[in-house]
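*Asks:*
Residue numbers (the numbering used here): 1 to 123.
(1) So, for residue 115: in the same chain, excluding its five sequence neighbours on each side, which residues have a beta-carbon less than 7 Å away from its beta-carbon?
(2) Using the Cα positions of residue 118 and residue 109, report the straight-line distance between them to the nearest angstrom.
(3) Decide if residue 103 is buried, meaning its Cβ has at least 16 other Cβ atoms within 10 Å, or exposed.
(4) Cutting at 6 Å between CB atoms, please list the residues of its own chain near residue 8, excluding the five before and the five after it.
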C-alpha cells in the first residue's frame, strides 16, 4: 500500500512538472509572437537596430544566468531537470535567433523599398 501511495505521488509530481513545462513553453511562444507582431508594426529601421542590440544583450544575459544556475543547482538538481532547462534555453535561443533573422530581413526590405522610392522619384 505504501509503495502504491509513493508511486501515485511520484506520478502526480511528474505530471505537475510536465504541466509547468508546457505552460512555460506556451507563455514563451505567445510572448515571442507578440514581439514579432510588434516588430512588424515598428517599421522604423532605427528601432530595428536597437531591438537587435537588445536581443543580443538579452541572449548574453540569459546565457550568463543559465551558467550561474547550473553552477548553483548542480548539487540539488538531478541531471534530468538540467536537461530540461537546457532544452528550454535552446528553444529560447532559437526563438531569439529567428526574431533577429526576421528583423534583419525586414531591415533589408525597408532599405530596398526606400531605394525603389528614391529611384521612382528620379524619373
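We put the CB at the ideal spot given by N, CA and C, even for glycine.
*Replies:* Taking the structure as given:
(1) The residue you call residue 115 lines up with position 115 of the chain shown. Excluding positions up to five away in sequence, the list is empty.
(2) The sequence position of residue 118 within the chain shown is 118, counting from 1. The sequence position of residue 109 within the chain shown is 109, counting from 1. Straight-line Cα distance between these residues: approximately 14 Å.
(3) Translated into positions along the chain shown, residue 103 becomes position 103. With 16 or more Cβ atoms within 10 Å of its Cβ, residue 103 is classed as buried.
(4) In the chain shown, counting from the first residue as 1, residue 8 sits at position 8. Contacts found: none.
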